[in-house]
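Residue numbers (our numbering): 4 to 208. Ideal placement from N, C-alpha and C gives every residue a C-beta, glycine not left out. As the structure is a prediction and not an experimental result, all values here were calculated from the model.
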């Protein structure tokens with residue numbers, strides 16, 4: 004991003020908080036959205052809050068967001084054009100492909116503990132991340148046509164539109180709202196007609 008784009012990007016927590024703040028009983032969530040890019044040492048944005056000024060929920064989102072960006076975020080063109088040649092394949096390949104990025108992200112979070120991130124929250128996140136990767140080891144996924152997607156299925160890949168909007172995220176459980184969104188964006192040519200889901204789609208029940 005150039006300087007102008009970066010300045011616009013840094014305004015998005017305030018935009019999100021403003022939208023949420025217009026709805027009753029959303030004040031706490033709006034505050035979390037406002038703070039999710041703040042960091043313990045005051046180097047975050049938009050208000051350069053420090054330490055205890057940042058809510059725990061916002062600190063957690065900051066850790067998860069950083070990890071996700073380092074491990075899974077790819078150029079928009081790659082997100083849109085990537086294809087799978089087989090209807091079913093082992094998730095082991097996914098684990099292998101992301102292992103080095105996973106390790107780098109974990110090491111980064113540890114190195115920035117006590118400066119950017121709360122060390123106790125980082126330790127908890129690392130434990131959960133490691134358990135999650137072990138849990139999905141050996142699982143396989145399959146393609147399901149958008150008209151065959153059912154609630155409680157679990158999405159196995161991030162699905163972005165051509166302009167980078169995340170419609171369905173890996174690990175998300177399908178809801179009525181997600182079904183409608185996926186169908187709408189598919190019909191507009193933004194998403195494929197077949198979506199990857201875990202074979203044991205009811206794994207979270």
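Residue(s) in a DSSP beta bridge with residue i
| i | result |
| --- | --- |
| residue 157 | 176 |
| residue 188 | In DSSP, residue 188 forms no bridge with anything. |
| residue 120 | 116 |
| residue 44 | 53 |
| residue 162 | 171 |
Beta-carbon separation (whole angstroms), residue i vs residue j, contact threshold 8 Å
| i | j | result |
| --- | --- | --- |
| residue 41 | residue 27 | Actually they are not in contact, since the Cβ atoms of residue 41 and residue 27 sit about 25 Å apart, beyond 8 Å. |
| residue 66 | residue 147 | Rounded, the Cβ-Cβ distance is 32 Å, inconsistent with contact. |
| residue 161 | residue 75 | 6 Å |
Span separating the alpha-carbon of residue i from that of residue j
| i | j | result |
| --- | --- | --- |
| residue 18 | residue 105 | 31 Å |
| residue 143 | residue 131 | 21 Å |
| residue 163 | residue 21 | 24 Å |
| residue 121 | residue 149 | 41 Å |
| residue 171 | residue 185 | 8 Å |
| residue 194 | residue 35 | 30 Å |
| residue 47 | residue 134 | 29 Å |
| residue 208 | residue 59 | Residue placement at residue 208 is flagged as unreliable, the pLDDT there being 41, under the threshold of 50; the coordinate-derived value follows with that caveat. Those two C-alpha atoms are separated by around 28 Å. |
| residue 201 | residue 30 | 35 Å |
| residue 51 | residue 39 | 11 Å |
| residue 91 | residue 12 | Residue placement at residue 91 cannot be trusted, given a pLDDT of 42 that sits under 50; the coordinates are not used to answer. |
| residue 179 | residue 153 | 9 Å |
| residue 73 | residue 136 | 16 Å |
| residue 98 | residue 198 | 20 Å |
| residue 71 | residue 49 | 21 Å |
| residue 57 | residue 145 | 41 Å |
| residue 88 | residue 139 | Residue confidence is low: residue 88 scores 37 on pLDDT, short of 50, so the model does not pin down where it sits. No coordinate-derived value is stated. |
| residue 173 | residue 25 | 30 Å |
| residue 183 | residue 177 | 10 Å |
| residue 151 | residue 166 | 26 Å |
| residue 55 | residue 181 | 35 Å |
| residue 6 | residue 16 | 18 Å |
| residue 82 | residue 64 | Legend: pLDDT at residue 82 = 41, less than 50; position of this residue unreliable, no value from coordinates given. |
| residue 192 | residue 8 | 27 Å |
| residue 14 | residue 101 | 31 Å |
| residue 116 | residue 196 | 42 Å |
| residue 189 | residue 4 | 29 Å |
| residue 107 | residue 168 | 26 Å |
| residue 187 | residue 53 | 42 Å |
Within 7 Å, strictly: CB atoms of residue i and residue j
| i | j | result |
| --- | --- | --- |
| residue 23 | residue 33 | yes |
| residue 68 | residue 118 | no |
Handout entry: Sufficient close CB pairs (3 or more, under 8 Å) joining the segment 103 to 123 to the segment 153 to 171
Key = no
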